[in-house]
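Below: the structure, in structure tokens.
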Amino acid sequence: MSDSSSSGLSRRSLVKALGVGATAGLAGCGGGGDGAADEMGGDTGDGSGGSTSSDGGSGGSGDAPLFWNYAFPNDGSEPIWRTTFLKNAEERIGQEPRMGRFAYEDLRQKYLTGARTGDPDVIEGVLSHLTEYVKADHLEPIGSFAEGLPWYDGYVQSALDALTYRGKLYGLPYNGNARAFIVRQDILDELGQDVPQSASAFHEVGRMINSEYDDTYAYHNCTKKGSVRAFQEWMSHVYQHTDQLYVPDGDSWKLDITADQLGQIFDNWYYQIYAADDPVGDPDTLGTGWQVNDPGYLNGRWAFIECGTWLRGWTSGDNINNSEKTKDILNNKTLVSHLPRGEGASKGTFLEVKPVMVNSHSDQKEAAKGVAAAFASPDTLTAMGEDAKGNGMTPVHTDVESTITNENWAPFTEVFKTGRALAKIGWGQVRGPFYTYMQEVAYGQTDPYEAGDQFHDELKTLAKDL
Amino acid sequence: MATQTGQPGALARYGTEFREFLEETWLGYALVLPSVVLMGIIIIYPTLRGIQLAFYEASLLSPQQQTFVGLQNFAQLFGAAGFQTALWHTVLLTALAVSIQYVLGLGLALALKEKVPGAALFRSLSMITWVLPIIVMVIIFRFLTQNGFGPVNIILGSLGMETTAWFGEPGVAFPLVVLMHVWRNVPFYAIALMAAMKSIPDTQYEAARLDGAGPLQRFRYITLPQISYVSMIMIVLHVIFTFNNFDIIYLSTGGGPLGNTEVLATYIYKQAFQQYAMGYAASIGVTMLLIMMVFTVVYAHLEARD
């Protein structure tokens, strides 16, 4: 006991010290925003750092707004786009926003589960994310703010429509592209064929290519389970049959496609490609995604793919076997066209509009709106085109010039006009069964029209929960 | 009277002992308190919240709107073909991966124990697979089996054999996933088992030799019994790791092709983040938790036996 009493004071002192240390440590965890921001900002390596002190800016109370994105190139090239954006943002809100970079799927998950904390204040993403965020009540309507922007009237109306839900605008568009048919013109010329307009002509030409060329297959599309690109490719063909897969029906939704049309899509774009006796594609690439699709075309392995404008600027990197050959394919041998259409189908394709959005739980919404405005301003969009040329081919603002300089790529502008944006439903529930039926057809396990019937039933049942 | 006078004394004694107990153990409690609080925040609360969620219908998109549905999620779960397939794949993957890992790890441990030239270097190099980030391992395997330019296909093609994108091939994707688990973990088994083997005194082997025991008998009656404890710990831990593993399959196949590699972890992910069915996903998580608790109890029992 004497030990105890003699050492009591020191024990107390020790515990007090530990308590103070632990409290300080825990407080440090909670209040570590600045450090984290510096770390994230430093990740870009542009020397500008993360957050900067506010020098009397309009929105500069406390931490700078946090902006999560996956937009800026991360390839080590000079960050023209990013630098322009940060400069514009600082002019608007008096400080540079803090930046966090995540892949889109990570952005989506983190935002859906954590937006209520108020972070990030601003987020960039794809259109299906906007729908989910709106349904989860995580987005601030910015219609009246946007209308006050001096350049608001220049936004392409279809892009604004894509970001509008029940009459409210939930984001500013910064990037738009439609999925087009990317064609090896030189191969068609050698075979004396025109660009196929119908699905049956496409199958015929495709089979001809497969029989005439040893190292090139006619076509590839994505069949990997869970691949976002696979879903987008399928939606492109859905939009050839209907304006929207689901249309509003009072407070609910109604499926607006027939089982036969779904079966035809499965037949034309999966069964004939991989499971038929003389497949148009290469069945050995079943179950692959964009990682095989895009580089395959750029390396001369496929004669046709469905793709957006980003392909234009992709001429180097780990996936490119021979940069000069790829440049030759893109500059001299590629033609852009509308996707071939099945029986009874018309021109239509998946329209991708990328929005920048404001967190409804942010405690500095005005500054966040300023960041969104800076990101989607014509100045920043012009810089985006300089930095990533593919992104600037079909600008979403009339003050921004298209970066298309090669007439073979000009049809992207026409294809863009036929693009349709995703309806504002929770697409995750549609994607799940799509992958199952798509793979069953592509692997030859289910008849395409039978799969169309079953999928139609499932989609119809889903309508009430969307 | 004795009782009456004794009672206050006993109470006082209990009070004194309690005070002494507190004085003696206060520091200990204070030291573990931050850890307990942190564990409570990052482990216990989410676990309890997950268990609670399993009894509710809740959507990821509107988590504030929850409806109590009792055991309905569990009833739906056990009738779902997707769950049954995922459970079967999980059990099969765990059984195959852990048993192959153990057998190969044991063989490697026996080899490394011998004084062969270069064994030390090999011991160091063999751990590379275990310390490699999972995403890097998956990229390596996808590259190796890529159609067209993957080394595996180049070799198969030169031998006149079939080439394809093997991760997209039903019937091959699952064995490839097992292979990745094995490739990653065998060195860890080997190092752990080798450490256990090295603790066995050489005198036992010498005595056995003098008694005329051959190599197989020495392995059977000396080595095996004395590495059984480490073996059990390794097996139980890896059963838990493999059963819960998400990233290897999600990154390599996404659960495809045709659902051939769908396991419970990826099934939960899809239910939660694609179908937005948080309550249903939580009920799968609780089911996994119950299954894993059996192994945890075994592990705890083994630990206690030590």
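So the sequence lines, in the order shown, correspond to chains A and B. Heads up: the first sequence runs through residues 1 to 466, numbered per my numbering. Heads up: the second sequence runs through residues 1001 to 1306, numbered per my numbering. The beta-carbon is built from N, C-alpha and C at its ideal position, and this holds for glycine as well. The structure presented is a predicted model; accordingly, all values stated were derived computationally and were not measured.
1. Could you round the C-beta distance between Gln-193(A) and Val-205(A) to whole angstroms and report it? I think they count as a contact, below 8 Å.
2. Of all Cβ atoms in chain B, is any one closer than 9 Å to the Cβ of Asp-278(A)?
3. Between the C-alpha atoms of Glu-1057(B) and Asp-363(A), what's the straight-line distance to the nearest angstrom?
4. Could you have a look at Leu-1071(B) and say whether DSSP puts it in helix, strand or coil?
5. For chain A, is any of its Cβ atoms less than 9 Å away from the one on Ala-1173(B)?
6. Around the Cβ of Gly-59(A), are there at least 16 other Cβ atoms within 10 angstroms (buried) or fewer (exposed)?
7. Among His-241(A), Asn-175(A) and Glu-190(A), which residue has its Cα nearest to the Cα of Asn-395(A)?
8. Give the C-beta separation of Asn-293(A) and Arg-341(A) to the nearest angstrom, bearing in mind that I take them to be a contact with Cβ-Cβ under 8 Å.
9. Taking CB distances under 9 Å as the criterion, tell me whether Leu-286(A) reaches chain B.
10. May I have a chain-ordered list of the alpha helix (DSSP H) segments no shorter than 4 residues that lie completely inside the segment 1096 to 1125 of chain B?
11. Answer with buried or exposed for Gln-445(A), where buried requires no fewer than 16 other C-beta atoms within 10 angstroms of its C-beta.
12. Taking one C-beta from the segment 215 to 225 of chain A and one from the segment 236 to 246 of chain A each time, how about it: are there three or more such pairs within less than 8 Å?
13. Does the beta carbon of Tyr-435(A) sit closer than 9 Å to a beta carbon anywhere in chain B?
14. For Arg-301(A), decide whether its Cβ has a neighbour in chain B, counting only Cβ atoms nearer than 9 Å.
15. Taking the beta strand (DSSP E) that Asn-175(A) belongs to, which residues open and close that run?
16. Leu-1283(B) versus chain A: which residues are under 8 Å apart at the beta carbon?
17. How would you label Gly-1105(B), buried or exposed, when you count the other beta carbons within 10 angstroms and need 16 or more for buried?
18. Taking only three categories from DSSP, how would you classify His-338(A)?
19. Give the interface partners of Ala-136(A) over in chain B, defined as CB-CB distance under 7 Å, in chain order.
20. Beta carbons nearer than 7 Å to chain B: which residues of the segment 234 to 259 of chain A have them?
21. Tell me, please, whether the CB atom of Arg-101(A) is closer than 9 Å to any CB atom in chain B?
22. From the DSSP output, which residues share a beta bridge with Pro-248(A)?
23. Taking 9 Å as the CB-CB cut-off, is Glu-407(A) touching chain B?
24. In the DSSP output, what is Pro-355(A) paired with across the bridge?
25. Any beta-carbon of chain B closer than 9 Å to the one on Tyr-443(A)?
26. Within 10 angstroms of its Cβ, does Glu-233(A) collect 16 or more other Cβ (buried), or is it exposed?
27. Within this structure, are the beta carbons of Ala-303(A) and Pro-173(A) separated by less than 9 Å?
28. Restricting to runs no shorter than 4 residues, where is the alpha helix (DSSP H) found entirely within the segment 377 to 465 of chain A?
29. Should Ala-1165(B) and Thr-436(A) be called a contact, given that it needs their Cβ atoms to be closer than 9 Å?
30. By a C-beta neighbour count over all protein chains shown, 10 Å radius and 16 as the cutoff for buried, is His-456(A) buried or exposed?
31. Mind checking Ala-1097(B): buried by the 16 CB within 10 Å criterion, or exposed?
32. Mind checking who Thr-164(A) pairs with in its DSSP beta bridge?
33. Suppose only complete runs of 3+ residues qualify. What are the beta strand (DSSP E) ranges in the segment 1136 to 1192 of chain B, listed by chain order?
34. Consider the Cβ of Arg-1013(B): report whether some Cβ of chain A lies at a distance smaller than 9 Å.
35. What is the rounded straight-line gap between the Cα of Val-336(A) and the Cα of Asn-391(A)?
36. Identify each residue in the segment 1254 to 1266 of chain B for which the Cβ-Cβ distance to at least one residue of chain A is less than 8 Å, and report them in chain order.
Well, looking at it:
1. Translated into the one-based positions of the first sequence, residue 193(A) becomes position 193. Translated into the one-based positions of the first sequence, residue 205(A) becomes position 205. 5 Å between Cβ atoms; contact.
2. In the first sequence, the residue the question calls residue 278(A) occupies position 278. Chain B contact via Cβ: absent.
3. Here the question's residue 1057(B) lines up with position 57 in the second sequence. Here the question's residue 363(A) lines up with position 363 in the first sequence. Rounded to whole angstroms, Glu-1057(B) to Asp-363(A) spans 30 Å at the Cα level.
4. Walking along the second sequence from the start, residue 1071(B) turns up at place 71. It is coil, neither helix nor strand.
5. Counted from its first residue, the second sequence places residue 1173(B) at position 173. Closer than 9 Å to some Cβ of chain A, the Cβ of Ala-1173(B) qualifies, so yes.
6. As a first step, residue 59(A) must be located in the first sequence, where it is residue number 59. A caution first: Gly-59(A) carries a pLDDT of 40, below 50, which makes its placement in the model too unreliable to give a value.
7. Along the first sequence, read from residue 1 onward, the residue named residue 395(A) stands at position 395. It is worth fixing the name first, because residue 395(A) is Pro in this sequence and not Asn. It is Asn-175(A).
8. Your numbering for residue 293(A) matches position 293 in the first sequence. Your numbering for residue 341(A) matches position 341 in the first sequence. About 21 Å separates the two Cβ atoms, so there is no contact after all.
9. By one-based count along the first sequence, residue 286(A) stands at place 286. By this cut-off, Leu-286(A) is an interface position.
10. You should have found no qualifying run.
11. For the purposes of this step, residue 445(A) is taken as the residue at position 445 of the first sequence. Flag for Gln-445(A) reads exposed.
12. At 8 Å Cβ cutoff, the stretches do not touch.
13. Position 435 of the first sequence holds residue 435(A). With 9 Å as the cut-off, Tyr-435(A) counts as an interface residue toward chain B.
14. Residue 301(A) sits at position 301 when you count from the first residue of the first sequence. Chain B contact via Cβ: present.
15. In the first sequence, residue 175(A) corresponds to position 175, counting from 1. Taken as a continuous stretch (DSSP letters only), the beta strand (DSSP E) holding Asn-175(A) covers 172 to 178.
16. Taking the second sequence and counting its residues from 1, the one referred to as residue 1283(B) is at position 283. Reading the sequence as shown, one finds Ser at residue 1283(B) and not Leu. Those do not exist, as Ser-1283(B) stays about 17 Å from chain A at its closest Cβ, beyond 8 Å.
17. Mapped onto the second sequence, residue 1105(B) falls at position 105. By the Cβ-count criterion, Gly-1105(B) is buried, with 16 or more other Cβ atoms from all chains shown falling within 10 Å of its own Cβ.
18. Locating residue 338(A) in the first sequence gives position 338, counting from the first residue. DSSP places His-338(A) outside both helix and strand once states are collapsed to three, so it counts as coil.
19. Stepping through the first sequence from its first residue, residue 136(A) is reached at position 136. Those within 7 Å of Ala-136(A) in chain B are Leu-1061 and Ser-1062.
20. Listed by position, the residues of the segment 234 to 259 of chain A near chain B (Cβ gap below 7 Å) amount to none.
21. To locate residue 101(A), count along the first sequence from 1; it is residue 101. Look at Arg-101(A): its C-beta is not under 9 Å from any C-beta on chain B.
22. Your numbering for residue 248(A) matches position 248 in the first sequence. Per the DSSP secondary-structure output, Pro-248(A) pairs in a beta bridge with Trp-253(A).
23. The residue labelled residue 407(A) in the question sits at position 407 within the first sequence. False, the Cβ-Cβ gap to chain B never drops below 9 Å.
24. Position 355 of the first sequence holds residue 355(A). Secondary-structure assignment with DSSP links Pro-355(A) through a beta bridge to Pro-173(A).
25. As a working mapping, residue 443(A) is identified with position 443 in the first sequence. Taking Cβ atoms only, chain B reaches closer than 9 Å to Tyr-443(A), which makes this a yes.
26. Taking the first sequence and counting its residues from 1, the one referred to as residue 233(A) is at position 233. Burial call: buried.
27. Numbered from 1 along the first sequence, position 303 holds the residue referred to as residue 303(A). Numbered from 1 along the first sequence, position 173 holds the residue referred to as residue 173(A). No, the Cβ-Cβ distance between Ala-303(A) and Pro-173(A) is not below 9 Å.
28. Counting only runs of 4 or more, we get 378 to 387, 411 to 417, 428 to 442 and 448 to 462.
29. As a first step, residue 1165(B) must be located in the second sequence, where it is residue number 165. As a first step, residue 436(A) must be located in the first sequence, where it is residue number 436. Contact flag unset, no.
30. Within the first sequence, numbered from 1, the residue matching residue 456(A) stands at position 456. The Cβ neighbour count for His-456(A), taken over all protein chains shown within 10 Å, is at least 16; the residue is labelled buried.
31. Locating residue 1097(B) in the second sequence gives position 97, where the first residue counts as 1. When all chains shown are included, Ala-1097(B) counts as buried.
32. Stepping through the first sequence from its first residue, residue 164(A) is reached at position 164. Answer by DSSP bridge pairing, in chain order: Leu-169(A).
33. Taken in chain order, the segment 1136 to 1192 of chain B contains no complete beta strand (DSSP E) segment of 3 residues or longer.
34. Sequence index remark: in the second sequence, residue 1013(B) carries index 13 (1-based). Not one chain A Cβ lies under 9 Å of Arg-1013(B).
35. For this step, residue 336(A) is matched to residue 336 along the first sequence. For this step, residue 391(A) is matched to residue 391 along the first sequence. If I take the Cα positions, the gap works out to 16 Å.
36. So the close ones are Gly-1254, Gly-1255, Gly-1256, Pro-1257, Leu-1258 and Gly-1259.
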